[in-house]
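One structure is given below, encoded as structure tokens.
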Amino acid sequence: MTEPVHTLTIDGTPVAASAGQTILHVAAENGVRIPTLCHLDGLSDVGACRLCLVDVEGARRPVLACMTRVEEGMRVTAHNDELAAYRRNLVQMLFLERNHVCAVCVANRHCELQDLATELDVTHFDLPDVHPAVGVDATHRLFAIDHNRCVLCTRCVRVCDEIEGAHTWDVSGRGLAARVVTDMGAPWGESTTCTSCGKCVQVCPTGALFEKGRAVAEGAKERRPFLPYLKVRP
Amino acid sequence: MTPEAAVDAAPERRARRRPAGLTPDGPVRRSAHVCMAASCLALSSDRVLEGIVDAVGAAGLGDVAVKRVGCLGLCAAGPLVEIPETGRLFEAVKPDGVGAVVDGLASADDTPVERAPFFSRQLRVVTENVGRVDPESLDDALAHGAYAALEQVLATMAPGQVIDEITRSGLRGRGGAGYPTGLKWQTVAKAAPGQKYVICNADEGDPGAFMDRSVLESDPHRVLEGMAIAAYAVGADRGYIYCRAEYPLALARLKAAIRAAERAGWLGHDIAESRFDFHVEVRVGAGAFVCGEETALIASLQGGRGTPVLRPPYPAVAGLWGRPTLINNVETLASVAPIVRRGGDWYAGIGVGRSRGTKVFALAGRVVNTGIVEVPMGMTLREIVYDLGGGIVGGRPFKAVQTGGPSGGCLPESDLDMPVDYESLAEAGSIMGSGGMIVMDDTSCMVDVARYFMDFCRDESCGKCVPCRVGTTQLWMLLTAITEGRATPADLRQLEELSGMVAATSLCGLGQTAPNPVFSTLRYFRDEYLAHIEDRTCPAGVCPVAS
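Protein chains in written order, with this note's numbering: chain G, 1 to 234; chain D, 235 to 781.
Written out as structure tokens, the structure reads:
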């Protein structure tokens, strides 16, 4: 039988946790901020952004805080120089793989990628740009997607599938050519499954998905009223 | 499909329409074994077989058989024909030049021919019937002992005893990681009761690796028998073979073998009059390297996008459709029947240290004898490359041998006397991998080789996690800058730091091991990197540094 409560340490501080909680959850409860991007409370986790990697004593490699359940006596290091360097590199890679220009972005000052760069002290890029030619799909009546700003977190895919139940979004292609697509790659405006609920827009961490009619820096997200009600946590 | 593969498919289709050879009515004094695996078939070995049949008829040889077999091993010299009674091998046989073969068949001289070290130094366990049985004949396979181990298991052994035997053999996963096979079987056997599955991973994707293809094309029943024994041991009744679409001949022979085995009662319901059921289906991969990773393979098998997910839970606990699933690679499963027949202790008596048994390697690159070899674990690289492989083409200087594909590394001349086993290879910065062995001489630039493998990983990354999706492209761009003479010493530091980061933070094995070719070439051939960066020269003369 598993113990209902575990004690562990996060960055040296002893904390108590219920069995089944993730490291990320326990850290948040105890005021330890671990950077995340693809994680969103209320949606399943996929472990794609790798920002929440933490060190656990005895583990061969860093583990995901968002998907790793606490264990008795676990010694977690959420912050050290090496993890900070990994996270800076990850954020840098996200900026460089597409074409992010904050100054002209609808999500400027409302962008989680921008916030992460600030939080993690990403002051400059020392890797080259990839500058891929990617498009915009503005065929939908209310919304549009600018793939230049997409970070492939797949929050839109998951919220559409798990909360709205439409599964309009999915991922197509592989590697750097991977794109989120609607209805097997059809233009969004021609989608027969999209309910135009706008949840994908609300969960998008950047300005990739946005409401039409909003100008630069006007892309503040709503407070996602649809998620807490449906939040299911094991 | 590549244009070459499209061309190759023609003789494969042709081969399946034609008769399989010639069997005399009376006793057989001599026979000609004609290789009809993909490599020789691409050189029209099916026409060679017809040519021999016609010539034997014309010469009136009534006590001679002509037989289609699988891979004879020495792919460099195909089409190959062997007379097994004397061990004589005919190389590069032309359809209209079969005279020497017919003379050999007609000859009354029974003196065995001394076999080249390429053959005599091998120890064949997995491939014991490869090149000996007709891959499209169940009767011939049965005559060579197929399904005897399965019958023995069903009649005399409890599942636990089978697992004990495999554990005692010391067999480890031949797909690359070397996980103890007995332990994996035991885990699946002890997982929650109910529906369980066995999956054969035949998604062989490493550049330069063709061991599994050779086994599947040459002795498919061996793999099916291994799967059935595994299924009995772990309590599964359904199996899937996940094979890449690039292997049309292997797929055709597997499907035919499954149908024949089902008709004969070696697969399906109540196998060999026991109460054991086992059904096997073939699933064709659509050409993604990452689908060799077990969680991505399962996602693909379920009809989803072939992307990996976080382990644990491991497939042994929650795999296909969330049920306990045993996933073993082709060579691992092909090792099962001989272990059962001859005992785990016998198998454990071969090899060194924690690496027991034999390993099949695909020799490729600048080596004289390209082809398939099976050797005991612990043979040195030098023996494999020089004694079996016949050394470097044109007598050029050896530079490196690459093992383990894009997840492996390049080992230099100073490592040639190292025994080939899981631990030694890992210590030297490479891996056993699935068995690809690419030999390189002084015409290969090691920076260019690292760049090639990074290009491969960049192309094959599924795009799910950031370090693999973007990191492999960034590493490839850095390596390209070095080969084009645009790099600075700071770029080399960046390359090392980024490689470490991609290895540490990627989600699955593809990204975690993608920097390995960079690590190993930096470790052993750093001077070549420095020559590109500091002197703007490529020592091998491969890279466009100056332009």
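In this text, a Cβ means the ideal position worked out from N, Cα and C, and glycines have one as well.
Asked                                                                                                                              : Found
Three or more C-beta pairs below 8 Å linking the region 424–442 of chain D and the region 514–529 of chain D                       : yes
Stretch-stretch touch, CB-based, cutoff 8 Å, three pairs: the region 670–677 of chain D with the region 94–103 of chain G          : no
Any C-beta of chain D under 9 Å from that of T13(G)                                                                                : no
Span separating the alpha-carbon of V601(D) from that of P640(D)                                                                   : 20 Å
Buried or exposed (CB count within 10 angstroms, at least 16 for buried), D330(D)                                                  : exposed
Segments assigned alpha helix (DSSP H), at least 4 residues, entirely inside the region 265–345 of chain D                         : 272–275, 279–293 and 333–340
Contact list for the region 29–48 of chain G against chain D, Cβ threshold 8 Å                                                     : V46, G47 and A48
Proximity of K593(D) and M652(D) at Cβ, strictly below 9 Å                                                                         : no
Cβ of M782(D) within 9 Å of any chain G Cβ                                                                                         : The shown model of chain D, from 235 to 781, leaves out residue 782(D), and the question about it has no answer.
Contacts around P205(G), its chain only, beta-carbon distance under 8 Å, and the 5 residues preceding and following it disregarded : L37, C111, E112, L113, V151, C153 and R155
Rounded C-alpha distance that separates D373(D) from G379(D)                                                                       : 10 Å
Collapsed DSSP secondary structure at H378(D) in the structure displayed                                                           : coil
Boundaries (first-last residue) of the beta strand (DSSP E) holding G605(D)                                                        : G605 to P610
Interface residues of the region 737–749 of chain D facing chain G [CB-CB below 7 Å]                                               : A738, T739 and L741
Proximity winner among E57(G), A59(G) and L64(G), relative to R50(G) (alpha-carbon distances)                                      : L64(G)
Interface partners of R61(G) on chain C, CB under 7 Å                                                                              : Included in the structure are the protein chains G and D, with no chain C among them.
Residues, ordered as in the chain, of the region 688–703 of chain D that lie near chain G by beta-carbon distance below 8 Å        : R692, D693, E694, S695, C696, G697, K698, C699, V700, P701 and R703
Start-end ranges of the alpha helix (DSSP H) lying completely within the region 485–546 of chain D, minimum 4 residues             : 528–535
Any C-beta of chain G under 9 Å from that of G705(D)                                                                               : yes
Contact list for the region 518–531 of chain D against chain G, Cβ threshold 9 Å                                                   : A522 and V524
Closest Cα partner of V364(D) within the set V736(D), Y758(D) and V303(D)                                                          : V303(D)
Short CB-CB distance (under 9 Å) between L732(D) and chain G                                                                       : yes
Separation of C160(G) from C245(G), as counted between CA atoms                                                                    : Missing from the structure shown is residue 245(G); chain G here goes from 1 to 234 and no further.
Beta bridge counterpart(s) of M613(D) as assigned by DSSP                                                                          : BP columns for M613(D) are empty, so no partner.
Alpha-carbon spacing of H455(D) relative to V449(D), whole angstroms                                                               : 10 Å
Cutoff 9 Å: V543(D) Cβ touching any chain G Cβ                                                                                     : yes
CB contact below 9 Å: K356(D) versus chain G                                                                                       : Per the sequence shown, the amino acid found at residue 356(D) is Gln instead of Lys. It does not: the Cβ of Q356(D) has no partner Cβ on chain G nearer than 9 Å.
Endpoints, beta strand (DSSP E) assigned at M184(G)                                                                                : That residue, M184(G), is in no beta strand (DSSP E); it is neither H nor E in DSSP.
6 Å Cβ shell around E72(G) - same chain, five flanking residues per side excluded                                                  : H6
Backbone CA spacing between P393(D) and I561(D) [nearest angstrom]                                                                 : 17 Å
Whole-Å CB distance - I618(D) paired with M671(D), under 8 Å assumed                                                               : 7 Å
Selection of the region 139–158 of chain G by Cβ proximity to chain D, strictly under 9 Å                                          : V151, L152 and T154
Backbone secondary structure at E244(G) - three-state DSSP                                                                         : Lying outside 1 to 234, the shown extent of chain G, residue 244(G) is not represented and no answer is given.
Contacting residues, own chain, Cβ-Cβ under 8 Å from T706(D) (five flanking each side not counted)                                 : M688, C691, R692, S695, V736, G745 and A748
Reduced DSSP category for A107(G) - H, G, I as helix; E, B as strand; rest coil                                                    : coil
F125(G) - DSSP class collapsed to helix/strand/coil                                                                                : coil
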